[in-house]
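S.K.:
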Amino acid sequence: MSDSTVGVRTALALYPGRYRRERGDEMAVVFADTTAGAGPVAKARELFDLASYGLRMRTGLTSTSPGGRLAALTAPLAAGAAAGIAAVEMYADDNTYQIPHSAGWLLSLLAFWVLNGSAVLSAAAVLLGRWTVARLLAGATALAVVADLLLQLRASIGGGLWELLYDFQWDGPFLLWALVLLAAPRDALPSPTWRERGMVVAAVLSSPFLVLSTPFYRSWHHLDLPWRALMVGVPLLMALTALRGWYLVAVPGLAALPWTLSVNLNAIWQQVGGTWRLLPLAAAVIAAMVGLVMLRRPTDTAGPGGGDGRLVA
310 MSDSTVGVRT
320 ALALYPGRYR
330 RERGDEMAVV
340 FADTTAGAGP
350 VAKARELFDL
360 ASYGLRMRTG
370 LTSTSPGGRL
380 AALTAPLAAG
390 AAAGIAAVEM
400 YADDNTYQIP
410 HSAGWLLSLL
420 AFWVLNGSAV
430 LSAAAVLLGR
440 WTVARLLAGA
450 TALAVVADLL
460 LQLRASIGGG
470 LWELLYDFQW
480 DGPFLLWALV
490 LLAAPRDALP
500 SPTWRERGMV
510 VAAVLSSPFL
520 VLSTPFYRSW
530 HHLDLPWRAL
540 MVGVPLLMAL
550 TALRGWYLVA
560 VPGLAALPWT
570 LSVNLNAIWQ
580 QVGGTWRLLP
590 LAAAVIAAMV
600 GLVMLRRPTD
610 TAGPGGGDGR
620 LVA
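Just so we're aligned, residue 310 is where the sequence shown starts under this note's numbering, counting upward by one.
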């Protein structure tokens, strides 16, 4: 059995069972014909594409699925918001000019610049319509966030959930926004029209004011718990309206949620007195989600972009 055969079988295993049984043999034949005489790099690229689409089908993130469509519509706003806050963090950071005193410090500084630099460059790529480059940079942002969180946990005294939530206030939005770009199917991403560019620029210009005007990071008790809960709950419920196909409402909610969730999660956890006391809020959100699903489905058959308040790409 050749390596290509093993790779194809592994990639096909990522597809839903029914789809694999119905079209698996056909896909294997197409792969063999497409890569006949091709080099190892071309075969690896085709194999990656085959496997990645299987994962998209498994997770419901294809260009024809509601999840993939929502991610694609939100991607310009997510890229702009990440770039705006990254620019502020690079400008305002006071650790950049300190004298290095350890290898861990240098690694943390490297993660900081990769995280913020790739976020800014990703938005620039979106403005130019270079979605492949933008998504690669978003992947670099996500990896830098994970590296920075691990470095912070290693350097912390005590560590644990508290430290993770505390550090998540800074890094969390970038990770979640990057995941939005990575979740968006390439063939569903919008072309760089004036509207898409305007969405990116608006997000870049507006997001820094959130950081500069509100000292969320400096004092976890700056806001009362009800306001914290609203800042998380309102965008979350807006995002959940995607279950009804209300993309015009869901897109800004999903774009705002990474920031509102990350800057408030640690404070809510502390103010309620522990993780288990978050259960009532979680129950309310789940109940609202179930209610949205149980509502009478629209009688029209228009997909995303239809005439029932949905956003057109």
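By construction, the Cβ of each residue, glycine as well, lies at the ideal position given by its N, Cα and C atoms. Quick caveat: nothing in here was measured; it's all calculated off a predicted structure.
1) Would you call the CB atoms of ALA401 and LEU356 closer than 7 Å?
2) Would you call the region 533-544 and the region 470-488 touching, i.e. three or more CB-CB distances under 8 Å?
3) Can you tell me the Cα-Cα spacing of LEU392 and VAL338, whole angstroms?
4) Run the CB neighbour count on ASP334, radius 10 Å, all protein chains shown included, and call it buried at 16 or more, exposed below.
5) Only counting the same chain, and skipping five residues up and downstream in sequence, which positions put a Cβ closer than 6 Å to that of ALA360?
6) Along the chain, where does the alpha helix (DSSP H) containing ASP533 start, and where does it finish?
7) Going by other Cβ atoms of all chains shown within 10 Å of its Cβ, with 16 needed for buried, is GLU331 buried or exposed?
8) Taking only runs that begin and end inside the region 384-440, name each unbroken alpha helix (DSSP H) of 4 or more residues, in chain order.
9) Pick helix, strand or coil for GLY363, following the three-state DSSP scheme.
10) Looking at C-beta atoms only, is the number of pairs between the region 445-460 and the region 416-435 that lie closer than 8 Å three or more?
11) From LEU491 to SER571, what distance separates their C-alpha atoms?
12) Cutting at 7 Å between CB atoms, please list the residues of its own chain near THR383, excluding the five before and the five after it.
13) Quick check on this structure: which residue in LEU386, ALA428 and LEU379 has the alpha carbon closest to the alpha carbon of MET399?
14) Excluding the 5 residues preceding and the 5 following LEU462 in the sequence, name in chain order all residues of the same chain whose CB lies nearer than 8 Å to its CB.
15) Determine whether the beta carbon atoms of ALA432 and VAL442 lie at a separation below 7 Å.
16) Would DSSP call ARG329 helix, strand or coil?
M.R.: On the basis of the supplied data:
1) With contacts defined as CB atoms closer than 7 Å, ALA401 and LEU356 fail to qualify as a contacting pair.
2) Taking one beta carbon from each stretch, the region 533-544 and the region 470-488 have fewer than 3 pairs nearer than 8 Å; the two do not touch.
3) Residue 392 is actually Ala in this sequence, not Leu. Their backbone Cα atoms lie some 43 Å apart in a straight line.
4) ASP334 is exposed by the Cβ-count criterion.
5) If we look at ALA360 and ignore the five residues flanking it on each side, its Cβ neighbours are ALA320 and LEU323.
6) According to the DSSP assignment, ASP533 belongs to no alpha helix (DSSP H), since it is labelled neither H nor E.
7) By the C-beta density criterion, GLU331 is exposed, having fewer than 16 other C-beta atoms within 10 angstroms.
8) Along the region 384-440, the alpha helix (DSSP H) occurs as fully enclosed runs of 4 or more residues at 412-436, listed in sequence order.
9) In the structure shown, GLY363 sits in a helix (DSSP, three-state: H, G or I).
10) As far as the Cβ criterion goes, the region 445-460 touches the region 416-435, which means the pair count is three or higher.
11) In a straight line, the C-alpha of LEU491 is about 19 Å away from that of SER571.
12) Excluding its 5 nearest sequence neighbours in each direction, THR383 has C-beta neighbours in its own chain below 7 Å: VAL489, VAL560, LEU563 and ALA564, listed in chain order.
13) Selected option, being the one with the closest Cα: ALA428.
14) Closer than 8 Å at the Cβ level, and outside the excluded window around LEU462, lie GLY468, GLU472, LEU473 and ASP476.
15) Their beta carbons are not under 7 Å apart, which means ALA432 does not touch VAL442 by this criterion.
16) Reduced to three states, the DSSP call for ARG329 is helix.
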